[in-house]
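Residues are numbered in our numbering as their position in the sequence shown, beginning at 1, plus a constant of 6. Below is one structure, written out as structure tokens, with a few remarks after it.
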Amino acid sequence: MLHHLPDVELAMREVLRVLKPGGRFVFCGEPTDYGDFVARRLSRLTWWGASRATQLPFLRDRWARPVDELAKSSAEAKLEAVVDLHTFDPDQLARLCLRAGAVDVNTVTEELTASWFGWPARTFEAAVKPGALGWNWAKFTYRSWLGLSWIDEHVLEPVVPDELFYNVCVTGTRA
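As structure tokens, then:
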């Protein structure tokens, strides 16, 4: 949610104003600078490849969305740049919360390899005809995401810098 707000520090001050003393705020799913950079490039590459490959004659009937739908979807995707106003460095987000008056501020990051898989998978799903992928695809993508999330949390989080993960969550309290 924070990445959609024009003035994040002002919004955080307002959050702290309405919390009772000792009240806690939690914001999750905020894109990191690097995570967003990678996700957008993976998505663009996947969209480019999938939207062209499915137009090949031997794939078109089963997989292709109509060209006008693809164009509309591309136009709608460009709106993300209008509503996604910020990406965050986890440490800078924590400092912003402290400047706004929060105490006991902590950040946690999540999704590294899970986002490298998830963004292209969702983009591919959007590029093909609805229903073409089926239940086995859904199970495959969900289980893959779960497995990669486990690897991210248990293997990579202890050794990979926070700013490389896709999402940052921030929490803190009002003094």
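Every residue gets a Cβ at the ideal spot worked out from N, C-alpha and C, and that includes glycine.
1) Taking the straight line between their C-alpha atoms, what separation do you get for Phe123 and Leu51?
2) Report the residue ranges of all alpha helix (DSSP H) runs contained in full by the region 46-94; include only those spanning at least 4 residues, in chain order.
3) How many Å lie between Phe31 and Ala127 at the Cα?
4) For Glu131, report the span of its alpha helix (DSSP H) as first-last.
5) Counting along the chain, where does the beta strand (DSSP E) carrying Val174 start and finish?
6) Determine the contact status of Leu152 and Thr119, defining contact as a CB-CB distance below 9 Å.
7) Counting C-beta neighbours from all protein chains within 10 Å, is the total for Tyr172 16 or more, i.e. buried, or is it exposed?
8) How long is the line joining the alpha carbons of Ser80 and Val89, rounded to whole angstroms?
9) Which one or two residues does DSSP pair with Arg30 in a beta bridge?
10) So what does Ala108 bridge to, in DSSP terms?
11) Can you list, in chain order, the residues of its chain with a C-beta nearer than 8 Å to that of Leu91? Leave out the 5 residues immediately preceding and following it.
12) Looking at Ala108 and Gly28, is the spacing between their C-beta atoms short of 9 Å?
According to the data block:
1) Taking the straight line from one Cα to the other gives about 13 Å.
2) Fully enclosed alpha helix (DSSP H) runs of 4 or longer: 63-69, 73-84, 86-89.
3) The straight-line gap separating the alpha-carbon atoms of Phe31 and Ala127 is approximately 32 Å.
4) DSSP places Glu131 inside the alpha helix (DSSP H), whose first and last residues are 119-133.
5) Where Val174 is concerned, the enclosing beta strand (DSSP E) stretches over 173-180.
6) Their beta carbons are not under 9 Å apart, which means Leu152 does not touch Thr119 by this criterion.
7) Buried.
8) Distance between the alpha carbons of Ser80 and Val89: 15 Å.
9) Answer is Thr179.
10) DSSP, once it has assigned bridges, lists Arg180 as partnering Ala108.
11) The beta carbon of Leu91 sits closer than 8 Å to those of His9, His10, Leu11, Pro12, all from its chain and outside the five residues before and after it, given in chain order.
12) With contacts defined by Cβ atoms closer than 9 Å, Gly28 and Ala108 do not form a contacting pair.
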